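> Taken in sequence, the protein lines are chains A and B.
The opening residue of the first sequence carries number 1 in the working numbering; numbering runs sequentially from there.
The opening residue of the second sequence carries number 1001 in the working numbering; numbering runs sequentially from there.
Beta carbons are placed, not taken as given, at the ideal position from N, Cα and C, and that holds for glycine.
Small disclaimer: the values here were computed from a predicted structure and weren't measured.
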Amino acid sequence: MEKEHKEHFIPYGTYILVWLSLISLTVLTVTIAGIDFGRFSLFIALLIAAVKSTFVINYFMHIKFDDLIFKVFLLVALVTLASIFILTSTDIFFR
Amino acid sequence: MESLDATNTIVQQEVGTKAHHISDPHQHKDAVGAKIGMWLFLFTELLLFGGLFLLYMAYRLQYTKDFVIGGQELNIILGTVNTIILLTSSLTMALSIAAIQRGKKDLSIIFLVSTILMGLAFLVIKYFEWTAKFSHGIAPNSPELLSKPNGEIVFYGMYFSMTGLHALHVLIGIVVLSFMLVFLLRNKITKEDYIKLENSGLYWHLVDLIWIFLFPLFYLIH
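(1) Under 8 Å, Cβ to Cβ, is there at least one residue of chain B near F9(A)?
(2) Taking one C-beta from the region 1171 to 1186 of chain B and one from the region 1060 to 1076 of chain B each time, how about it: are there three or more such pairs within less than 8 Å?
(3) Report, in whole angstroms, the separation of the C-beta atoms of W1204(B) and T1083(B), which I expect to be a contact under 8 Å.
(4) Ignore the nearest five residues each way along the sequence and tell me which others in L1078(B)'s own chain have a CB closer than 8 Å to its CB.
(5) So I1109(B) is in the alpha helix (DSSP H); what residue range does that whole segment cover?
(6) For L1112(B), which residues in the same chain have their Cβ closer than 7 Å to its Cβ, ignoring the five residues on either side in sequence?
(7) In three-state terms, what does DSSP make of H1028(B)?
(8) Please check if any C-beta of chain B sits within less than 8 Å of the C-beta of L22(A).
(9) Thinking C-beta only, is F37(A) closer than 8 Å to I48(A)?
(10) Can you name, in chain order, every residue of its own chain whose Cβ lies under 6 Å from the Cβ of H5(A), other than the five neighbours on each side?
(11) With 16 other CB atoms within 10 Å as the buried threshold, where does H1028(B) fall?
(12) Nearest chain B C-beta to T54(A) closer than 8 Å, yes or no?
(13) Roughly how many angstroms separate the alpha carbons of H1169(B) and V1207(B), rounded to a whole number?
(14) Does E1002(B) pass the burial test, meaning 16 or more other C-beta atoms within 10 Å, or should it be called exposed?
(15) Considering only their Cβ atoms, is the gap separating M1162(B) from F141(A) smaller than 8 Å?
(16) Considering Cα atoms alone, identify which of K1065(B), F1043(B), A1034(B) is closest to R39(A).
(17) For V1154(B), does the count of other Cβ atoms within 10 angstroms reach 16, so buried, or fall short, so exposed?
(18) L1086(B) and W1211(B): beta carbons closer than 8 Å?
(19) Please check if any C-beta of chain B sits within less than 8 Å of the C-beta of L43(A).
(20) Can you grab the Cα-Cα spacing for the pair Y15(A) / Y1194(B), in whole Å?
(21) Which of helix, strand or coil does DSSP assign to H62(A)?
(22) Should H1020(B) be labelled buried (16 or more other beta-carbon atoms within 10 Å of its own) or exposed?
(23) For D91(A), name the three-state secondary structure that DSSP assigns.
(24) Note down, in chain order, each residue of its chain lying with its Cβ closer than 7 Å to the Cβ of A1034(B), except the 5 sequence neighbours on either side.
(25) When the Cα of S1089(B) is compared with those of L87(A), L22(A), P11(A), T88(A), which residue comes out closest?
(26) Determine, using beta carbons only, whether V51(A) and T1080(B) come nearer to each other than 8 Å.
(27) Check the Cβ of L81(A) against every Cβ in chain B and list those closer than 8 Å, keeping chain order.
Here it is in structure tokens:
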């Protein structure tokens, strides 16, 4: 186990690059919030948030370098959450 | 029965070889197991906030206009500053773990203290944000708020409960990280065994993740 940890040391520089991307995306989302994209505004904001999450989960939370079991777990959790959202929104739309 | 005994022997042998890496052979540590446990806990947190996000979605679809009016009342600058603080604290958290992996205890401590301080800064800003709202008469159940349209009452209800629950998580994170700081200082977290710090880091990043979604959903509505 210790061995695995040592193989997956992420360089400090990678973390700083990830952080820079996160800050840039934050500036981007704040800047374009002022522009009116109509109904796409929410979609764009959530898309940027999703991209930011991917960075945090993969690098800061290390998932990219973890065993397969962690990825499977995360996938199951996210698919569950997504199904709940899809089912509820369908219910609201077709009510 | 015999095959079971055989399996046990194999397991014992495996544990024996693994224990080789650990300084105290009587202490069997399972970093992967600990991490799986932490992730399972994080999924319950995900569902807790997921439920609130679901409620947010349902209400926002119902009261789209009122949510826009409510969202414009929030302070984008304070929201943005808090986002940057929390993202940076996630960076120092990751760096703190990276430092202890390389056996640099002092560096790890510096990064961990920065993380805790940024967490506190987040809460201080949140405090000013909330008190500014209170001074305008906008507080849960205040007469001023209740005189507003239903959609706005719901918007502020969601705002106070979701950012409140999130702030509580930041506070818990700060307490947990403070314990980790003590463990680091007392050499309970070392280059060989840093799973406690890693798991606390996972919690801290989850808190950051939730804010990544709270920020555009409340502050950036137009």
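So, to answer that:
(1) Here the question's residue 9(A) lines up with position 9 in the first sequence. Closer than 8 Å: yes.
(2) no
(3) Walking along the second sequence from the start, residue 1204(B) turns up at place 204. Walking along the second sequence from the start, residue 1083(B) turns up at place 83. Incorrect: roughly 15 Å between the Cβ atoms, too far for contact.
(4) Position 78 of the second sequence holds residue 1078(B). Exclusion of the five residues before and after L1078(B) leaves I1125, F1128, E1129 as the residues of its chain whose Cβ lies within less than 8 Å of its Cβ.
(5) Taking the second sequence and counting its residues from 1, the one referred to as residue 1109(B) is at position 109. From DSSP, the alpha helix (DSSP H) with I1109(B) extends over 1105 to 1135.
(6) Counting from one through the second sequence, the residue named residue 1112(B) turns up at place 112. Same-chain partners within the cutoff: S1096, L1177, M1180, L1181, L1184.
(7) Here the question's residue 1028(B) lines up with position 28 in the second sequence. Reduced to three states, the DSSP call for H1028(B) is coil.
(8) Counted from its first residue, the first sequence places residue 22(A) at position 22. For L22(A), the answer is yes, since a Cβ of chain B falls inside 8 Å of its Cβ.
(9) In the first sequence, residue 48(A) corresponds to position 48, counting from 1. In the first sequence, residue 37(A) corresponds to position 37, counting from 1. Not in contact: I48(A) and F37(A) (Cβ atoms no closer than 8 Å).
(10) As a first step, residue 5(A) must be located in the first sequence, where it is residue number 5. Annotation note: pLDDT 47 at H5(A) (below 50); position unreliable, no value reported.
(11) Mapped onto the second sequence, residue 1028(B) falls at position 28. Exposed, since its Cβ has fewer than 16 Cβ neighbours within 10 Å.
(12) Here residue 54(A) refers to the residue found at position 54 when the first sequence is read from its first residue. No, no contact with chain B.
(13) Numbered from its first residue, the second sequence carries residue 1169(B) at position 169. Numbered from its first residue, the second sequence carries residue 1207(B) at position 207. Their Cα atoms are separated by approximately 7 Å.
(14) The count along the second sequence starts at 1 and reaches residue 1002(B) at position 2. Low confidence applies to E1002(B): its pLDDT is 49, below 50, so where it sits in the model is not reliable, and the reading given next is rough at best. Looking at its Cβ environment, which holds fewer than 16 other Cβ atoms inside 10 Å, E1002(B) is exposed.
(15) No answer is possible for residue 141(A): it lies beyond the span of chain A, which begins at 1 and ends at 95.
(16) Taking the first residue of the first sequence as position 1, residue 39(A) is located at position 39. With distances taken between Cα atoms, R39(A) lies closest to K1065(B).
(17) The residue you call residue 1154(B) lines up with position 154 of the second sequence. It counts as buried.
(18) Taking the first residue of the second sequence as 1, we reach residue 1086(B) at position 86. Taking the first residue of the second sequence as 1, we reach residue 1211(B) at position 211. The answer is yes: Cβ separation under 8 Å.
(19) The count along the first sequence starts at 1 and reaches residue 43(A) at position 43. The residue you asked about is not Leu; residue 43(A) is Phe in the sequence shown. No, because no Cβ of chain B sits closer than 8 Å to the Cβ of F43(A).
(20) Within the first sequence, residue 15(A) is the residue found at index 15, counting from 1. Within the second sequence, residue 1194(B) is the residue found at index 194, counting from 1. Rounded to the nearest angstrom, the two C-alpha atoms are 18 Å apart.
(21) The residue labelled residue 62(A) in the question sits at position 62 within the first sequence. In the structure shown, H62(A) sits in coil (DSSP, three-state: anything other than H, G, I, E or B).
(22) Locating residue 1020(B) in the second sequence gives position 20, where the first residue counts as 1. The pLDDT assigned to H1020(B) is 46, lower than 50, so where the model puts this residue is not dependable; a value taken from the coordinates is nonetheless given after this. Classification for H1020(B): exposed.
(23) Here residue 91(A) is taken as the residue at index 91 of the first sequence, counted from 1. If DSSP states are grouped into helix, strand and coil, D91(A) belongs with the helices.
(24) Counted from its first residue, the second sequence places residue 1034(B) at position 34. Cβ neighbours of A1034(B) beyond the five flanking positions: I1195, N1199.
(25) Working through the second sequence from its first residue, we reach residue 1089(B) at position 89. Of the candidates L87(A), L22(A), P11(A), T88(A), the one whose C-alpha sits nearest the C-alpha of S1089(B) is L22(A).
(26) Position 51 of the first sequence holds residue 51(A). Position 80 of the second sequence holds residue 1080(B). With a cutoff of 8 Å on beta-carbon distance, V51(A) and T1080(B) are scored as not near each other.
(27) Taking the first residue of the first sequence as position 1, residue 81(A) is located at position 81. Chain B residues near L81(A): L1046, L1047, G1050.
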